[in-house]
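Participant: Each residue of the sequence shown is one higher than the one before, counting from 1 in the UniProt record's numbering.
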Amino acid sequence: MSKYAVDERGYYGKFGGAFIPEMLYPNVEELRTNYLEIIDDPDFQKEFRALLKDYVGRPTPLFFAKRLSEKYGAKIYLKREDLCHTGAHKVNNTIGQILLAKRLGKKKIIAETGAGQHGVATATVCALAGLECKVYMGAVDMERQKPNVERMRILGAEVIPAESGSRTLKDATNEAMRHWINNPQDTHYIIGSVVGPHPYPDMVTRFQAVISEEVKKQLKEVEGRENPDYVVACVGGGSNAAGIYYHYLDNPEVKIIAAEAAGKGVESGETAATTFKGTPGVLHGSMTLLMQTVDGQVVEPYSISAGLDYPGIGPLHAHLFESGRAQFIAVDDENSMKAGVELSRLEGIIPAVESAHAFSALDQLDLNESDVVVINLSGRGDKDLQTYINWGKY
1 MSKYAVDERG YYGKFGGAFI PEMLYPNVEE LRTNYLEIID DPDFQKEFRA
51 LLKDYVGRPT PLFFAKRLSE KYGAKIYLKR EDLCHTGAHK VNNTIGQILL
101 AKRLGKKKII AETGAGQHGV ATATVCALAG LECKVYMGAV DMERQKPNVE
151 RMRILGAEVI PAESGSRTLK DATNEAMRHW INNPQDTHYI IGSVVGPHPY
201 PDMVTRFQAV ISEEVKKQLK EVEGRENPDY VVACVGGGSN AAGIYYHYLD
251 NPEVKIIAAE AAGKGVESGE TAATTFKGTP GVLHGSMTLL MQTVDGQVVE
301 PYSISAGLDY PGIGPLHAHL FESGRAQFIA VDDENSMKAG VELSRLEGII
351 PAVESAHAFS ALDQLDLNES DVVVINLSGR GDKDLQTYIN WGKY
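1. Could you give the distance in angstroms between the alpha-carbon of R67 and the alpha-carbon of R153?
2. In this structure, how does DSSP classify Q297 when only helix, strand and coil are distinguished?
3. Using the three-state DSSP reduction, which class does V282 fall into: helix, strand or coil?
4. Taking G192 as the reference, give the member of I109, N376 and L219 with the closest Cα.
5. I believe Y310 touches K170 by the beta-carbon criterion, under 8 Å. Please report the beta-carbon distance rounded to the nearest angstrom.
6. Going straight from the alpha carbon of Q179 to that of Y189, what length do you get?
7. In angstroms with no decimal places, state the Cα-to-Cα distance between G314 and G324.
8. Note down the Cα distance separating V125 from I98, rounded to an integer number of angstroms.
9. Below 6 Å CB to CB, which residues in the same chain sit around A162 once its five sequence neighbours on both sides are set aside?
10. Count the other CB atoms, across all protein chains shown, that sit within 10 Å of the CB of K220; report buried if there are 16 or more and exposed otherwise.
11. Roughly how many angstroms separate the alpha carbons of K338 and S360, rounded to a whole number?
12. Could you compute how far the alpha carbon of P59 sits from the alpha carbon of D40?
13. Write down every uninterrupted run of the beta strand (DSSP E) in the region 83 to 141 whose length is 3 residues or greater and which is fully enclosed by it, in chain order.
14. Go ahead and label S378 buried or exposed: buried means 16 or more other beta carbons lie within 10 angstroms of its beta carbon, across all protein chains shown.
15. My assumption, with CB atoms under 8 Å, is that I211 sits in contact with A326. Please give the rounded CB distance.
16. Using C-beta distances below 7 Å, list every residue in its chain close to F328, excluding the 5 sequence neighbours before and after it, in chain order.
17. If M287 and K75 are in contact, beta carbons under 8 Å, what's the gap, nearest whole angstrom?
18. Less than 6 Å between C-beta atoms, sequence neighbours within five positions excluded: which residues of the same chain meet that for D250?
19. Does DSSP classify residue 397 as helix, strand or coil?
20. Counting only runs that start and end within the region 198 to 274, where is the alpha helix (DSSP H) found for 4 or more residues in a row?
21. Rounded C-beta distance between G238 and L283? I'm assuming under 8 Å.
22. Around the C-beta of Y12, are 16 or more other C-beta atoms found within 10 angstroms, so that it is buried, or is it exposed?
23. Using a Cβ-Cβ cutoff of less than 7 Å, which residues in the same chain neighbour I38 once the five nearest sequence positions on both sides are dropped?
24. Is the beta carbon of V353 closer than 8 Å to that of K79?
25. Looking at C-alpha atoms only, which residue of V299, P280, E334 and V294 is the closest neighbour of L316?
26. Helix, strand or coil: which one does DSSP assign to L377?
27. On the DSSP letters alone, give me the boundaries of the alpha helix (DSSP H) that Y25 sits inside.
28. Can you give me the start and stop residues for the alpha helix (DSSP H) that D332 sits inside?
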């Protein structure tokens with residue numbers, strides 16, 4: 001068993017667990033006692049894999065970025081999760097969870113979303129499965145991610161604004177949790193990242209692990225080896241990162257790089273760089289690193305990217321940080337936007353602003369020409385065009 005896998009109590013090292021109110025216990029316990037049996041069932045895997053192939057469009061390409069490689073002096077490959085149906089890696093997880101929800105006999109689905117990619121992916125699989133869908137989204141995020149709001153509505157989902165707090169992802173998650181507590185019998189909560197009470201972090205990681213599973217095969221074909229020197233991803237909650245790290249966690253020769261959103265600067269007071277500013281505490285049902293006051297009040301995060309605008313990280317990532325297995329790099333708004341435009345002009349690919357943070361991390365790596373680098377291009381930038389336009393005055 002991997003030393004980075006969750007233990008039988010739902011912990012990664014000292015992080016994880018299930019810190020939940022009593023009213024939520026039946027929901028979480030139902031999942032905990034059933035998820036592995038359901039996921040490991042051959043019929044489930046057959047249906048899951050078929051939908052990943054024929055509906056999502058997997059395997060996604062591993063693209064050699066020639067001009068980007070020339071600039072940074074290394075061999076850089078992009079895992080093209082932006083080419084998944086719905087435009088991001090999020091659908092890998094929602095496909096898995098909707099199949100699980102149906103096997104549990106659930107009739108209604110709720111979700112939270114930040115950038116809207118998870119909300120769109122959830123609305124999509126609910127339409128596919130014929131289940132009712134409600135998506136909670138911060139009112140601020142609804143304004144800055146309007147195209148995804150409209151996509152969810154066209155797909156038949158009800159988008160419910162979260163008006164409390166900073167009106168972003170944290171607050172949308174709070175509202176979704178409250179809804180689930182009040183509707184335990186017929187509703188499944190599709191959490192979009194590797195956060196929340198056990199078993200969510202492990203369950204979402206397992207569904208997203210298809211990303212690194214494919215990278216190993218694809219890299220073997222083009223480089224003659226399964227392992228890159230670096231694997232790079234952005235981390236908010238951290239689902240895309242967990243997916244592309246998963247099959248490399250026990251290979252110490254593979255350097256794991258996590259790009260966090262520094263917002264206007266780590267010391268600016270407007271940041272989402274959790275490992276730089278966070279301390280251990282409980283957030284949304286699990287022990288992890290989060291930004292909080294000395295009194296334990298959550299500090300409002302800030303990032304130009306709605307998907308990274310979260311005050312904590314998943315417990316797996318907290319463990320990777322504390323154990324030193326992963327190197328965390330803080331990337332501010334300005335440099336992430338520059339990296340997004342740079343990728344657009346060097347390779348003809350406009351990345352999601354979240355993914356742009358991963359590309360900006362290249363500036364902080366000491367690369368050699370022989371190094372093989374795989375970056376998870378977790379989502380496409382269609383939803384972020386207005387953000388790019390406002391930033392660059394295009």
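We put the beta carbon where it would ideally sit given N, CA and C, even for glycine.
Nothing here was measured: the structure is a model prediction, and the numbers come from that model.
Facilitator: According to the structure shown:
1. 39 Å
2. coil
3. strand
4. Just measuring C-alpha positions, the residue of I109, N376 and L219 sitting nearest G192 is I109.
5. 6 Å
6. According to the sequence provided, residue 179 is His. The question's Gln does not apply to it. The straight-line gap from Cα to Cα measures roughly 9 Å.
7. 16 Å
8. 7 Å
9. Y136, G138, D171, A172 and E175
10. Classification of K220: exposed, given that the 10 Å Cβ count is below 16.
11. 8 Å
12. 20 Å
13. 108 to 113 and 132 to 138
14. With 16 or more other Cβ atoms within 10 Å, it is buried.
15. In fact, because the Cβ distance is near 16 Å, the residues do not count as touching under 8 Å.
16. A258, E260, T275 and F321
17. Wrong, their Cβ atoms sit about 39 Å apart, outside the cutoff.
18. Excluding sequence neighbours, D250 sits near S2.
19. The structure shown does not extend to residue 397, since the chain is modelled only from 1 to 394, so the question has no answer here.
20. 200 to 208, 210 to 223 and 239 to 245
21. Going by Cβ atoms, the distance from G238 to L283 rounds to 13 Å, so no, they are not a contact pair.
22. buried
23. Contacts found: F44, L100 and R103.
24. no
25. In this structure, P280 is the residue among V299, P280, E334 and V294 with its C-alpha nearest to the C-alpha of L316.
26. Strand at L377.
27. Y25 to D40
28. For D332, there is no enclosing alpha helix (DSSP H); the residue is found in the beta strand (DSSP E) stretching over A326 to D332.
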